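Reading through the structure tokens given below for one structure.
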Amino acid sequence: MQLKESIEGLDMNFRSWCVASISCFLFTVAQAQEQPSLPGKDLEPVSVESVQPLVEICEQCHGPGGQSERDDVPSIAGTPAEEILAQLERFYYYERHCPSVDYEGPNGQVNRQSMCDITNALDKQEALALGSHFEHARDAASQE
Ligand code: HEC
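Now the structure itself:
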């Protein structure tokens, strides 16, 4: 009799363990879907052409076509769009260190900014279009 009760007890424990781990699993899945993102996920997508003025800002530090010509700024040409978006989001949330660097603006004036400043002014649709632009910038660069 005692043995039967303890087996039933085990069974109950197993059941509550199952329920707990399933809820835990669902919770993890829900969390994974709610990764913080740049604002504007519900805005209309924008075309790669329409972000050309932003591309020119990026190129002032990241070099023409995203091929960097300086040691303190990495090249981004050919980086997959989703990786570019992921890094932009990390800068936006200050999850990644963003050193300020100087660059020369179009009128010859010297500006000093960091990736945190840059991503602060970006929305998600622009970031997606920029990612797509620089991912394919490699093809353009390798054809030169
Ligand atoms: C003021 C100069 C500057 C401008 C303008 C700038 N960046 Fe950056 N960017 C940097 C620096 C510096 C880093 C490296 C930060 C570090 O040390 O981790 C960086 C890093 C990145 C990275 C991560 C690259 C890697 O290899 O990890 C991406 C992606 C990126 N920038 C995209 C952009 C885009 C897109 C734009 C235009 C909207 C832009 N950047 C404009 C300076 C700049």
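In terms of this note's numbering, the sequence shown opens at residue -3 and continues consecutively.
Built from N, CA and C at the ideal position, the CB exists for glycine as well.
Owing to the predicted nature of the structure, the values given are computational and were not obtained by experimental measurement.
Item: In its own chain, which residues sit with a C-beta less than 8 Å from the C-beta of residue 55, not counting the 5 before and 5 after it?; Value: 61, 62
Item: Is there at least one non-hydrogen atom of ligand 1 closer than 7 Å to the beta-carbon of residue 89?; Value: no
Item: I need the straight-line Cα distance from residue 141 to residue 116, nearest angstrom please.; Value: In this structure the chain extends from -3 to 140, so residue 141 is not present and cannot be described.
Item: Is it true that the CB of residue 43 sits closer than 8 Å to the CB of residue 120?; Value: no
Item: Return the CA-CA distance between residue 86 and residue 75, expressed in angstroms with no decimal places.; Value: 16 Å
Item: Could I get the ranges of all uninterrupted beta strand (DSSP E) runs contained in the stretch 75 to 123, with 3 residues as the minimum, in chain order?; Value: 97 to 100, 106 to 109
Item: Alpha carbon to alpha carbon, how far is residue 31 from residue 133? Give it in angstroms, no decimals.; Value: 27 Å
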